[in-house]
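Before any comments, here is the structure.
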Amino acid sequence: MKKQDPSALYGVIGLGRFGAALVKTLSEAGKEVIAIDKNEERVREVRAYTDYAFVVDNLSETALKETGMQNCGTVTICIGEQVDMSILTTMLVIKLGVPHVIAKATSEVHGEVLKRMGANVVYPEADMAVRIGRRLIFGNLLDYVALADGVEVRRIAVGGHVVGKSIQELDVRRTFGINIIAVERDGRTDVEFTADYRFAQGDTIAVVGKMDKIDRFEKELQD
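Letter by letter, the sequence shown follows residues 222 to 444 in the numbering used here.
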């Protein structure tokens, strides 16, 4: 492997559905990825996306070093079901000195152990359940990105009494405590709109703010 900026190199350990999707996403974004799994078929499937896919039967420190995992700026451990292996592998990756370690967890207890070790923890199944649930609750919710401390960026289809009103008249910052950061109309996204922009049916807005405050705004749109 050619020498490069570690921040541009990613590692993925465990190539189940989550890990394989992560490899594909990173690769399609032009990132170099080291991918490993003990299952040869899984490794073979991701070789369409990276030249650095390896079958590793024993996840030891030596084996990880042989793949070049220590050269990564970020490594994601996607071993959720085997809790003991997940914890051991996370410990080894942290020991290798990787700056940013992300670990998949399947329970709060599992996640708490990983956090105490110094990893950033993700709960893919739980996050997906929340995403689907929120889509069901809010029929016009198109997409959202959860940030820290209960803050979200959410795309919302405009409708109801909001149509025809200007951004200034709506005054969501004062009324709801959220901010409009983008307006989409006819397939175009505008982030430099003015306060006199008037909403039309079919517009989509991107807002940022606390989840409960966006929920209140969402409800207002439906009334």
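Yeah, the Cβ is synthetic: ideal placement off N, Cα and C, and Gly gets one too. Predicted model only: the values in this text are computed from it and were never measured.
Using only CA atoms, which one of the options lies nearest to residue i?
{"i": "E441", "options": "R406, D411, V429 and I377", "result": "I377"}
{"i": "A326", "options": "V304, V314 and M338", "result": "V304"}
{"i": "D278", "options": "K245, V264, G398 and T297", "result": "V264"}
{"i": "E373", "options": "L313, I435, N260 and M290", "result": "I435"}
{"i": "K344", "options": "I298, V276 and S387", "result": "According to the sequence shown, residue 344 is Tyr rather than Lys. Answer by Cα proximity: I298."}
{"i": "A241", "options": "E261, A229 and E266", "result": "E266"}
To the nearest angstrom, how far is the alpha carbon of residue i from that of residue j?
{"i": "V254", "j": "N292", "result": "11 Å"}
{"i": "I300", "j": "L335", "result": "12 Å"}
{"i": "D433", "j": "V366", "result": "14 Å"}
{"i": "Q389", "j": "T415", "result": "9 Å"}
{"i": "K252", "j": "I323", "result": "17 Å"}
{"i": "T396", "j": "T425", "result": "19 Å"}
{"i": "D411", "j": "S387", "result": "15 Å"}
Starting from the C-beta of residue i, find all residues in its chain whose C-beta is less than 7 Å away, skip the five residues before and the five after it, and write them out in chain order.
{"i": "R394", "result": "N400"}
Once the 5 residues before and after residue i are set aside, which same chain residues still bring their CB inside 6 Å of it?
{"i": "T295", "result": "Y231 and H321"}
{"i": "A340", "result": "T311, V322 and A324"}
{"i": "R238", "result": "none"}
Enumerate in chain order the residues of its own chain whose CB-to-CB distance from residue i is below 8 Å, with the five nearest sequence positions on each side excluded.
{"i": "V379", "result": "F420, A421, Q422, G423, D424, T425, I426 and L442"}
Contact check, residue i vs residue j under 8 Å by CB: the rounded distance?
{"i": "A274", "j": "A250", "result": "A274 to A250, Cβ: 17 Å. No contact."}
{"i": "G235", "j": "D272", "result": "Not a contact, Cβ separation roughly 19 Å."}
Discussion item. Quick check: the segment 385-405 against the segment 426-439, are at least 3 beta-carbon pairs closer than 8 Å?
Written reply: yes
Worksheet item: Are the segment 416-423 and the segment 380-389 touching by the rule of at least three beta carbon pairs closer than 8 Å?
Response: yes
Discussion item. Does the structure place the segment 271-289 close enough to the segment 310-325 that three or more beta carbon pairs sit under 8 Å?
Written reply: yes
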